[in-house]
Amino acid sequence: MINMNSENKDLPLDEHENVADQRAVALRYAPEKQHAPKVVAKGRGFVAENILAAAQKNAIPVYQNKSLVNMLMALELDREIPPELYRAVAEVLAYVYRIDKRHQKPELPR
-11 MINMNSENKD LPLDEHENVA DQRAVALRYA PEKQHAPKVV AKGRGFVAEN
39 ILAAAQKNAI PVYQNKSLVN MLMALELDRE IPPELYRAVA EVLAYVYRID
89 KRHQKPELPR
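Numbering (this note's numbering) for the sequence shown: -11 to 98.
Now the structure itself:
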């Protein structure tokens, strides 16, 4: 999930931010089934709020980057991202994987 609220990845939405200006994009990546991540949801305003609420409800990390979300908003739904966005999206995926790893329970020795 990528949100445009701020260039700072760790700050929550500013209370003064206009809901109508908010944007969000959701990506899905299944390396065994696809070559690159796909845009599976995108929206502005209340649609963006719903996307972010769904992410929160499902414990999906949110990465905030205004310029990246603007580029991803221009893509069609259910299409793989173009090669020129691979590096930027790889940074998002690395962030998400790091967050997920922190929340996984350590395996017990056998």
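Here a beta-carbon is modelled for each residue, glycine too, at the ideal position from N, C-alpha and C.
Residues A14 and I39 of the same chain have their beta carbon placed closer than 6 angstroms to that of A29, with the five preceding and five following residues left out of the count. Look at Y51 here: in three-state DSSP terms it is strand.
Judged by DSSP secondary structure, A36 falls within the alpha helix (DSSP H) whose first and last residues are F34 to K45. The residue from A62, R67, Y51 and D66 with its alpha-carbon nearest to that of E79 is Y51.
In this chain, L65 is not harboured by any beta strand (DSSP E), its DSSP state being neither H nor E.
Contact annotation: L60 and V27 have beta-carbon atoms nearer than 8 angstroms.
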